[in-house]
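Residue numbers (our numbering): 128 to 594. The beta-carbon is built from N, C-alpha and C at its ideal position, and this holds for glycine as well. Have a look at the structure below, then the notes.
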Ligand code: F6P
């Protein structure tokens, strides 16, 4: 797989890379390119500028691609042993660090930091070391390395030891836990995570709130930030891409199909998420049920279009959550549905074109996470919306810092308040809805992915080095 042979000037490191492979029945490899802010951000410079993306093998197809030496220019996949990756990704990153930063643990059952946790932590260290070594091997003298997310918190410190000449940044795409919650981690682990991050010259966060929480953790568990600088970069939606992609033929087809499912003349409440505990899909359905209960006038007149795409299905807690989402959607349909009206239209197969179709049709978007680093759905809907869309938005989403003024704010735990916000959103006049949507779209696109990426790169290369 592509290696720069020590010549890369700009390196990105993340668990999930921009491309993944599947082995077809005839043995050939099919490449699937991913989307998202980092992919479009990095395309602002691209491989011709000496950029290299280091990521992990995530599937048998990826492993086969590495074995056959196929791959994309500018991407190097690390063939980390499957059991090490499973411990690091499922065990530590997604079951511990994700839960800490999103404050998802529920006592009395969790968390338990036992011998199994320590064993998995050793894999997390090995996983981070594999990245640090690959980056040290690929980076040109004085190169810029931009490490992403909670999977790779130890990389900056490890890489700093291997290559003191590099400029190193780390960016967190998640919230950061407040110190009282972060304190749940065993002391030595909490310190190791912070020391790993503080190996960077510069740390990036999506909002000031998460940056402040990180700083507070450093004050409590380390000797402050030392010489590491902190920056806030609120990733925005990619307006050009979204506007043109949402006009393509496959999106038009999905619109026609969705219209059939919704039925003539009905209002639409849309949500699009990975089936992720922090997204709070179950309470969203409970709020919708409350709306139908409290406001019978909406029965037959509204449909909740809920897309809950599969995520992290290796973890039992995610599988159980997915099952609960399905069960509750069915329960609502059985309880309130009539021969001509299905109150909840739930889709669980990932389909980006269908998501865009729903964005275009939405009268109301429901974005109610318990905690979320940013939440790009809240930013994408106003950009794509056809006739204006009222946004019901959790105060705990990072996006609320930028969009709060024109959204209907909810406490994500309060389903009665959320039901009332849904009612208010559904009854908002068309002019007000259109005006708010316009302002939301402007705020949502203030920092498009390419600028978001270049802004960080500039600050890393031209700001003072931490050492
Ligand atoms: O934004 C946080 C994040 O964990 C990303 O790092 C990740 O790519 C995305 O959510 C989806 O999660 P996963 O890679 O586990 O499917």
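- Taking non-hydrogen atoms of the ligand F6P into account, the C-beta of residue 276 is found less than 7 Å away from one of them.
- Taking 8 Å as the upper bound for CB-CB distance, residue 480 and residue 377 are in contact here, some 4 Å apart.
- Between the ligand F6P and residue 162, a heavy atom-to-CB distance of less than 7 Å is absent.
- Residue range 356 to 359 is occupied by the beta strand (DSSP E) that includes residue 358, with no alpha helix (DSSP H) assigned at that position.
- Nearest to residue 156 by alpha-carbon distance, out of 365, 490, 190, is 190.
- Excluding its 5 nearest sequence neighbours in each direction, residue 525 has C-beta neighbours in its own chain below 8 Å: 302, 333, 334, 336, 337, 361, 499, 500, 501, 502, listed in chain order.
- With a 10 Å radius around the Cβ and a threshold of 16 neighbouring Cβ atoms, residue 509 comes out buried.
- Under the three-state reduction of DSSP, residue 345 is assigned to helix.
- Less than 8 Å separates the beta-carbon of residue 394 from that of residue 429.
- Distance from the Cα of residue 254 is smallest, within the candidate group 207, 297, 284, 227, for 207.
- Bridge partners of residue 295 according to DSSP: 272.
- Under DSSP, residue 197 forms no beta bridge with any residue.
- Per DSSP, reduced to three states, the secondary structure at residue 317 is helical.
- Checking the 7 Å criterion, the Cβ of residue 502 is out of range of every heavy atom belonging to the ligand F6P.
- With respect to residue 319, residue 298 sits apart: the two C-beta atoms are not nearer than 8 Å.
- Checking the 7 Å criterion, the Cβ of residue 301 is within range of a heavy atom belonging to the ligand F6P.
- Within the segment 515 to 564, the complete beta strand (DSSP E) segments at least 3 residues long are 517 to 521, 535 to 537, listed from N- to C-terminus.
- Minimum Cα-Cα distance from residue 541 among the listed residues 408, 139, 442, 224 corresponds to 408.
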